[in-house]
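Report on the following structure.
Protein chains in written order, with the numbering used here: chain S, 77 to 440; chain P, 77 to 440.
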């Protein structure tokens, strides 16, 4: 860094951030609660109108019989996979090598449930029908993540997805959707949430990714599946006396932003196209299929970050708080387009892209 | 019920409730957030000033090196017991037969950790030094709950507690405190939280019992104990991106109410004395040792509840939303004295007690 302070600090100070919906500050909660009647009763250990109505609404949106609100997707998905294994009595699930459960959960699935995992596909590729057909035949459950976040949010095309679903049904393999970013992929597929979820036996969605809520998740499926998930929620300590701080903000931001996904998607494509013109920079996927993509640089993190810092300071445009090293001369960052991007004057973005172009050229 | 609606509904309508701090409604959160700067940054996955400062403050209050904020006590305590077992390699813990982990958590401890439990003492009695001395000698951890909630919030005297602690230390048995209601027992012992916690290796406290927060818990102990507890918090799905709705309200209501525990305790003794004068009613303990006690009735629940309903309607005083049956002609409810009691005109309470006396006499 050529200036005092970390890249994250400089990023925080930029007025124009390419990604996200703005700061994750207390105002996010205050805004969601401003119009709510103080007399409204809390949910109580998973019961009460407040939680039950939202669960019903989400079940309807996802086209499932029932839905259960969880404090986190980590908890919801481990429980989903455990229940899927209990159906067959074989504790074996298959998922992508960069699945959230494999890389972000400290092996909770294995430590808490002794579930064996089968990693499908190369870590840089999507899971294909062929991968699924080659799985060991005692796999109880397959988890698919749409979009595949850790590889830039890539997506299988709909025909491939439908074929995987048909195969799993035929083979009686439980198919679970990690839909943390489900609403973000609907414009690409041109389908409703219920249409996509119809291919899956169970689905989890998150409220703080593209929707920008505070935290919280929903797990949906048939009642015979969600009912025991509530027992496990209690076992995990997730059946809090009050989950309403998350539920009411989830509801508020869901309604605020679910209709903006087409716009985020179009803007992500526009931004990616602009960035792909910068020499030494490429996006993955080249043309985004949701509101997200990865930005790859042909430069080590230590050489890249001072350049980004200069761009932030000169233009006020923040690209990322931190780059991740992927090799001796490569690094990347993730961009999720939300409300912030649309508020940036277009020439500011162009100015940042062309300064980045210039500084990268000088560094070679 | 002689009137339409359940006892819980009638209770909700009463203007004068003996127990609690008032309705658990959205206003509880709104009040806690009213004065907070909207620009304050969220905690992020267990990091950031907001969570770290509160954890430090609680570590100080509890006299422990470190403290970790958890969404729930269920999660915090299972993890505490697991870590205690990992020290010795023997998955065996001892606790009271009516311990929260035994009766309210759907066997999470056993299902998630395969930990064997040794139940100490008769379910109607406190755990004594003698019970502890008679445990199997491979017990890794003893959990004590102060006060013992399910038997009216009884407490061992301090000398007994100190003797149990000394014995555990000598035998290298990990001693964990279920201090869900720790602040509530300090006036009886005449000790600080740190003095009581000094007898224990680890301690959990709750923010929504006597303190009246929304949800949340803290687990405290040495850094070598709390550090791995964060890994398990991640495994459980409790390491949320944002826990601030619970942390900030925990902090607000902790500071609001921690100084009122002596008052709640005195009021609980006063109220229990008044109720013990009603024939057919007795409190457990007879003289409360915290802000809580159980109210026992020599009547079946089905005969009792219409009488309670009449008392609520005639006097406006609410005693409980529901009684629990304990035998063919016995039932009880729990009373936790909080802010509500002090706001009731004294003659209203007397009026309710004497009507209860009269109606119970007529029912015999």
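Glycine included, every Cβ here is placed at the ideal spot set by N, Cα and C.
Here the structure is a predicted model, which is why all the values come from computation and not from measurement.
Report yes or no: do three or more beta-carbon pairs, one from the region 330-350 of chain P and one from the region 366-378 of chain P, lie closer than 8 Å? yes
Can you give me the start and stop residues for the beta strand (DSSP E) that residue 143 (chain P) sits inside? 142-146
From the DSSP output, read off the bridge partner residues of residue 168 (chain P). P:192
Closest Cβ-Cβ distance between residue 321 (chain P) and chain S: below 9 Å? yes
Can you list the beta strand (DSSP E) stretches of 3 or more residues lying completely in the region 330-412 of chain S, in chain order? 357-360, 368-373, 400-403 and 406-412
Beta-carbon of residue 131 (chain P) versus every beta-carbon of chain S: anything under 9 Å? no
Among P:431, P:171 and P:153, which has the Cα closest to the Cα of residue 350 (chain P)? P:431
In three-state DSSP terms, what is residue 121 (chain S)? Secondary structure at residue 121 (chain S): coil, using DSSP grouped into helix, strand and coil.
Closest Cα partner of residue 365 (chain S) within the set S:386, S:377, S:112 and S:412: S:412
Does the pairing of the region 217-231 of chain P with the region 250-266 of chain P give three or more beta-carbon distances under 8 Å? The region 217-231 of chain P, when compared against the region 250-266 of chain P, does touch it at the 8 Å Cβ threshold.
At least 3 beta-carbon pairs within less than 8 Å: the region 174-189 of chain S vs the region 147-155 of chain S: yes
By the DSSP assignment, the alpha helix (DSSP H) with residue 179 (chain P) in it spans what residues? 176-179
In terms of residues, what are the limits of the alpha helix (DSSP H) holding residue 249 (chain P)? No alpha helix (DSSP H) holds residue 249 (chain P); DSSP gives it neither H nor E.
Beta-carbon of residue 264 (chain S) versus every beta-carbon of chain C: anything under 9 Å? The structure shown has no chain C; the protein chains it does contain are S and P.
For a contact defined as C-beta to C-beta under 7 Å, what are the partners of residue 215 (chain P) on chain S? Going along chain S, no residue has its Cβ under 7 Å from residue 215 (chain P), so there is no contact; the nearest lies around 23 Å.
Can you list the residues of chain S that residue 368 (chain P) reaches, using a CB-CB cut of under 8 Å? None at all; the shortest Cβ gap to chain S is about 17 Å.
Please determine, among S:121, S:188, S:409 and S:380, the residue with the shortest C-alpha to C-alpha distance to residue 291 (chain P). With respect to the C-alpha of residue 291 (chain P), the residue from S:121, S:188, S:409 and S:380 having the closest C-alpha is S:121.
Tell me the DSSP secondary structure of residue 93 (chain S) in three-state form. strand
Counting only Cβ pairs nearer than 8 Å, list the residues of chain S close to residue 441 (chain P). Since the displayed chain P opens at 77 and closes at 440, residue 441 (chain P) lies outside it and no answer follows.
Does the separation of the CB atoms of residue 104 (chain P) and residue 288 (chain P) fall below 9 Å? Using a Cβ distance threshold of 9 Å, residue 104 (chain P) and residue 288 (chain P) count as a contacting pair.
Give me the subset of the region 293-313 of chain P whose CB atoms are less than 7 Å from a CB atom of chain S, sorted by chain position. 307, 310, 311, 312 and 313
Got a sec, what are the start and stop residues for the beta strand (DSSP E) residue 220 (chain S) sits in? Residue range 217-221 is occupied by the beta strand (DSSP E) that includes residue 220 (chain S).
Of the listed residues P:299, P:274 and P:259, nearest to residue 283 (chain P) (C-alpha basis): P:259
Hey, could you find the ends of the alpha helix (DSSP H) residue 280 (chain P) is sitting in? Per DSSP, residue 280 (chain P) is not a residue of any alpha helix (DSSP H); the beta strand (DSSP E) it occupies stretches across 278-282.
How would you list, in chain order, the residues of chain S whose beta-carbon sits under 8 Å from the beta-carbon of residue 318 (chain P)? 100, 284, 290 and 291
C-alpha distance - residue 134 (chain S) paired with residue 86 (chain S), whole-angstrom precision: Going from the Cα of residue 134 (chain S) to the Cα of residue 86 (chain S) covers about 39 Å.
Report, in whole angstroms, the separation of the C-beta atoms of residue 408 (chain S) and residue 399 (chain S), which I expect to be a contact under 8 Å. 7 Å
Can you find a C-beta in chain S that's less than 9 Å from the C-beta of residue 91 (chain P)? no
Rounded distance between the beta-carbons of residue 146 (chain S) and residue 296 (chain S), thought under 8 Å: With a Cβ gap of about 11 Å, residue 296 (chain S) and residue 146 (chain S) do not count as contacting.
Pick helix, strand or coil for residue 103 (chain P), following the three-state DSSP scheme. helix
Measure the C-alpha to C-alpha separation of residue 195 (chain S) and residue 186 (chain S) and round it to an integer number of angstroms. Near 14 Å, if we compare the C-alpha coordinates of residue 186 (chain S) and residue 195 (chain S).
Among P:175, P:215 and P:200, which one has its Cα closest to the Cα of residue 192 (chain P)? P:215
Measure the CB-CB distance between residue 106 (chain S) and residue 114 (chain P) and report whether it falls below 9 Å. The answer is yes: Cβ separation under 9 Å.
Nearest neighbour of residue 308 (chain S), chosen from S:273, S:244 and S:160 [CA to CA]: Nearest of S:273, S:244 and S:160 to residue 308 (chain S), Cα basis: S:160.
Residue-level contact to chain P via CB, residue 428 (chain S), 9 Å cutoff: no
Excluding sequence positions up to five away, which residues of its chain have a Cβ less than 6 Å from the Cβ of residue 334 (chain S)? Scanning its chain for C-beta atoms nearer than 6 Å, with the 5 sequence neighbours on each side dropped, one finds around residue 334 (chain S) the residues 259, in chain order.
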